[in-house]
Each structure stands twice: as structure tokens, then as C-alpha cells.
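First residue of the sequence shown: 64, per the numbering used here; consecutive thereafter. Beta carbons: idealized from backbone N, C-alpha and C, even for Gly. This report concerns only the one structure given below.
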Amino acid sequence: MKDLCAQHWFKEAVIYSLDIRSFKDADEDGLGDLKGLISKLDYLHSLGVTCIWMVPFYSSHGQDGGYDVVDYYAVDFRLGTLADFKLLVERAQEKGIRIILDLVVNHTSNQHPWFLNAISDKNNRFHNFYIWKDEKPENDKEDLVFNTVEDSNWECNHQINRYYYHTFYRFQPDLNVANPIVQQEILRIIDFWMRLGIYGFRIDAVPHILKNKGDEQFKGDPYDVLDQWKEAVIKHNKEAVLIGEADVEPEDYPRFFNKGKKLDGLFNFFLNNYLFLGLAEHCAKPLVQAFERLPPTGEQGRYLNFLRNHDELDLERLSDEERERVLEIFAPCPFMRIYGRGIRRRLPPMLNGDRARVCLSMNLLLTLPGIPVIRYGEEIGMGDDLELPQRESVRTAMQWDDTVNGGFSSVQTEQLQWRVIDHGPYGYQHVNVSKEMHEEVSLLRQIQKMINLRRKHKAFAYGSFKIIQVSNPQAFVYVHLLDGQGLLILNNFSYTNADVEIDLTKERFKLTCIWGTPLSMEESVGTVNITLSPYDYIWYTIAKLE
Ligand code: NOJ
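Now the structure itself:
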């Protein structure tokens, strides 16, 4: 088994992303907390999750879902203590679940003591922690991420009468990461959390961090900073990983990888966009074409696949015309859209609650090459609340059961500090963990089975991936092969039956169906003809015959 010699937990991981504030309230203050998450580890374990990526829970000013950090070394006091965090790491580890945290160092909150010092005096040593100009530059909108909410990358601080740079909201001044002293501070932050037993970080906004933005430039290639960070994590834990949020063109992906020295994984925003185009058009072609542009990864690094995350579904990787087509179908009303480029909905409402299509999407998430990242609530088909502002719509409380507040918190509903969906088809009365656990056929039970099946088949983690060309554009067929064995996966993107002819003339294989049932299957010399029902997907184990 030569291919298994580079075994690593990360390659086999099933990651679950959550925000403790919206997950489970244990201390009865109407907000989720660390103890609440600890109480739900058994659930995550039974789901088959092997790693949790926690979005920021540090002390923050509470304006950008915790991404406006005020103290990198403290837990937001409403969510627990460092002792609770240590307990979480320990308890999770006992169940084979590793914890990854968000490293938010592109910016701080404007309430961070560094910034408060920076604006006290131009000569203060913290001033140079940020990026300044005396005048607003002419081209002041070069990299404006929240382009419908902010109108410039440069904001005047009237206390000091200078302009500071911000990529995101104006209350998030960008750190001057080119400054070696800031780099030292980042290493201290890494060190602090690694000592508590975590398995690495999801680095927020990596390409923005590594951009030369102000007068001070990085020495050498800015991307070499990632090597330093990788060294800093593996110094504590040889198995620790760094994964990056980098919504860039696929041609730029190799810059982030350096044979395990820089990042171990990148969120595959590009594939994600083409997956949604394929779903919108009932056609597998966009995905097939997307793979032609994706650089291979292998030992260089991995891709992380996801359907939805805690942000908008950002469709920037599509052409203007493709993006418009997806928006028209999945976000027909203006209030479903955001920042002129994305969708602020969860997946099931986008698919009109069509269970078969939701399952097909989950199948793609769990079988495409790469590491699947499941967003909390995705496994039960949670919906969104479009009355909430911006991306809050997709961040409502986890729905555990049909008791008051969906089992998220036992406080009086008026005392809730987080929004719970309590009405309509996605209300906790209909969509919840307890109900789906008890149903024989539910989304949750299906996903649980699929995850466990995926984990049994090592070809997903270590095999080679190949798309099987088929003439029917609604079908997407691929194999993961490891030492002559593996899996053949078929997906039907359309609402009509799909006839698929697979040419096996080059090699002789034995196929055994392990998930789903084809409408019909015929084998004749050299070819297999399979008919899939609408939105169906099927897994075969495949073994080469001598
Ligand atoms: C990316 C995070 O995912 C998003 O939620 C946040 O608003 C920005 N970075 C700024 O930190």
C-alpha cells in the first residue's frame, strides 16, 4: 500500500464549522457557549466529524461575527473561559475530534488596544502596526470587499488626522503585517493557542494579509510568511495544519502551497462557484470544465470543499454572465442578494426545499476530491432568516429539537440573544436534530451514513481522482482509485432520468453498488449502461480484475 505511507489525519478529515454563539447555550443566558459545545460533542462524534473549525470566539467588539478582535488572548466573557476552552480541547480529543481556530490577523477591531495606542500619537510604537497616509489616495477603492456597505479603503481617524487602510469594514483597520514587529505578535498569538492543544488554524483573508498595502513593503516574497507560521504550528504539534481562506483565481492557488511548508489546504471557492452554476443549470459541464482549470494538489496541499459557509455565497469566480444566471435562479429577489456578487441564503431554501437536490449537493460535497467542510445545520437542512441584516441571515441558532427555542437555549424566548427560526417550513418545529435522528430516512441519517462510508474508503483521502468522460451532460461521473481499487461515483444533475454509458474497454473492473439503486444497469462487452433517476447519485466500489 505505497500510497498510504503519507497517512495524515487531515487528509481523512471531515470538518464541521460552527460558531459557539449559535450552537448551544449551556449557561442559560440566551447565547451559545463553550460548555454548550462540549455538551454536543457526542452528537458530532456520532455524525462522523473528525475536526471542528470554530469561527472567532475571542474578545471582540461584536460588529463582524467576532472577526473584529479586541483581545487575541481572551475568550469573549459571555462564551466561557480559557479553562472551558482547554476542557473542550481535551473532551474533543477523547472522541478523536481535533480543534482548529480562526487566525484573524489581517485586521483588528478599531477598539483593540493596539489601535487605540496607534491613534494616540504618530510616534507611538503601535502607530506603525497599521497602515497610514496623510491624504486619501486617489485610487481609494482598490480592494473593497464590502463594496455596497463601505465606499473607500481609507478612513480618516480624526483624532490623529490621518487615513488608515481597511480591506473590510471601517471599524477593522488592517494590520501592517509587513512590519516585522507585527509578525512577531502574530507568532505569539499562534504560540498561545497551539499550547492549548489545537491542531492548527483557518487563516482568515490570507491573500489580503499578504498584499503590500502601505509604504512598508514585505521583505522578499510576502508568501514566505506562511512558512514561518507553519513552522510555528508544527513546533508544538507535528500534525497541525494551516488552511486558508483565499477566494482567488485557481491559477494563484499554487502560491499558497509549498510541499507542506506553507498551507496544507485551501478552501476551493472556485469549484464551489461552478458547483452552484451546475446546480442552477441542471448540468454537470461547469464542474467538468472547472476541474480543467484547477491545479493538481496531492502532496503539495489539499482543497477544502464546501457548499455554504458563514458568509454570503460569493460568486466572484464566475463570469458576469454566469453569475447573473445563478443569481436569477437562486436569489430571484434583491433582498436575497448581497454586495452585488453573492447570495445570503442557506442551501435548502435556494433549492426550494427539494430534498433530492439537497442530498445530491451533499453527495458532491462528500465525494469530490478534497476535504469536506460541513457548516453546522447543513446536515439537517436548516434554512435562513432573510429578515436579519447582511450575512446574519445564515447564522441562526442550531435546531436541536422541537421544544422551546429549538433546544438551543432554555431561556424565555424574549431573553434569547441569538435568532432562532421558529416559524415556516424551516422552523425548529419541523427541522431539528432529534426528529431526524428518529426518522428512518432523514437528511441527517443519510449524511451520517454517507460520512461513515466515506471514512471507510481510504481512496477518497489517498487515491487518485479521475473524471470519466460521458456523453450525457447532465451526468457527472468520477473515480477515486487506490492500488487498483476504489470508488466510482455517478451524479445526475437534472430533473429527468439520465442514461450514462461508461466505457470500461481499457481495463476490466468489477463494480459493486454500495449506495443508491440505479433505475437499470446493463453490462455488455466493454461498457456499462446505467440509468439514474432525477438528481440521483450512486456509489460503486470498483476493483480491477486481473
Ligand atoms: C472573512 C470572514 O469569513 C468574514 O466573515 C469576515 O467578515 C471577513 N473575513 C473579515 O474578517
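Query, Result
"Cβ neighbour criterion (16 or more within 10 Å) applied to residue 331", "buried"
"The region 392 to 406 / the region 346 to 362 touching (three or more Cβ pairs under 8 angstroms)", "no"
"Contact set for residue 64: own chain, Cβ-Cβ below 7 angstroms, skip 5 residues either direction", "Since pLDDT at residue 64 reaches only 46, below the 50 mark, its modelled position is unreliable, and no value is offered."
"Segment limits, beta strand (DSSP E) that includes residue 651", "The structure shown does not extend to residue 651, since the chain is modelled only from 64 to 609, so the question has no answer here."
"Residue of 166, 305 and 204 minimising C-alpha distance to residue 74", "305"
"Beta-carbon contacts of residue 522 that lie in its chain and below 8 angstroms, excluding the five residues immediately before and after", "543, 544, 545, 548, 549 and 550"
"Contacts around residue 68, its chain only, beta-carbon distance under 6 angstroms, and the 5 residues preceding and following it disregarded", "Unreliable positioning characterises residue 68 in this predicted model, as indicated by a pLDDT of 48, which lies under 50. The coordinate reading is nonetheless provided below. Correct list: empty, nothing qualifies."
"heavy atom of ligand 1 below 6 angstroms from residue 268 C-beta", "yes"
"Straight-line gap, residue 334 to residue 280 (C-alpha atoms, nearest Å)", "32 angstroms"
"Closer than 6 angstroms: residue 121 CB and nearest ligand 1 heavy atom", "no"
"Entirely enclosed beta strand (DSSP E) segments - the region 493 to 538, minimum 3 residues", "527 to 530"
"One or two residues paired with residue 544 in a DSSP bridge", "527 and 549"
"Proximity of residue 496 and residue 443 at Cβ, strictly below 7 angstroms", "yes"
"Spatial neighbours of residue 297 in its chain, beta-carbon cut-off 7 angstroms, leaving aside the 5 residues before and after", "303"
"Check whether residue 194 and residue 239 have beta carbons under 7 angstroms apart", "yes"
"Residue 193 CB to nearest heavy atom of ligand 3 below 6 angstroms", "No copy of ligand 3 occurs in the structure displayed; its ligands are ligand 1 alone."
"Inside the region 395 to 443 only - alpha helix (DSSP H) runs reaching at least 4 residues", "410 to 413 and 418 to 430"
"Identity of the residue in 166, 431 and 368 nearest residue 527 by Cα", "431"
"Selection from 342, 401 and 591 that minimises the alpha carbon distance to residue 385", "342"
"DSSP bridge partner residues for residue 592 (one or two, in chain order)", "564 and 585"
"Same chain only: Cβ atoms within 7 angstroms of residue 572, ignoring 5 sequence neighbours per side", "605, 606, 607 and 608"
"When 408, 169, 366 and 200 are compared against residue 217, the one with the closest alpha-carbon", "200"
"Own chain, CB closer than 7 angstroms to residue 242, minus 5 neighbours either side, in chain order", "191, 192 and 279"
"Residues near residue 84 by beta carbon distance below 7 angstroms, same chain, minus five either side", "94, 95, 142 and 481"
"Residue 170 - partner residues in DSSP beta bridges", "237"
"N-terminal and C-terminal residue of the beta strand (DSSP E) that residue 109 is part of", "Careful: residue 109 lies outside any beta strand (DSSP E), inside the alpha helix (DSSP H) at 104 to 110."
"Which of helix, strand or coil DSSP assigns to residue 659", "The first residue shown for the chain is 64 and the last is 609, placing residue 659 beyond what the model contains."
"Residue 447: CB within 6 angstroms of a non-hydrogen atom of ligand 1", "no"
"DSSP beta-bridge partners of residue 196", "226"
"Cβ-Cβ separation, residue 515 to residue 428 (assumed contact under 8 angstroms), whole Å", "Not quite, the Cβ-Cβ distance comes to about 15 angstroms (not below 8 angstroms), so this is no contact."
"For residue 599, the nearest candidate out of 314, 580 and 448 (CA to CA)", "580"
"Span of the beta strand (DSSP E), counted from its first residue to its last, around residue 606", "600 to 607"
"Residue 130 Cβ short of 6 angstroms to ligand 1 heavy atom set", "yes"
"Contacting residues, own chain, Cβ-Cβ under 8 angstroms from residue 560 (five flanking each side not counted)", "582, 594, 595, 596 and 597"
"At least three beta-carbon pairs within less than 8 angstroms, the region 471 to 478 to the region 110 to 128", "no"
"Through-space distance from residue 262 to residue 590, alpha-carbon basis", "46 angstroms"
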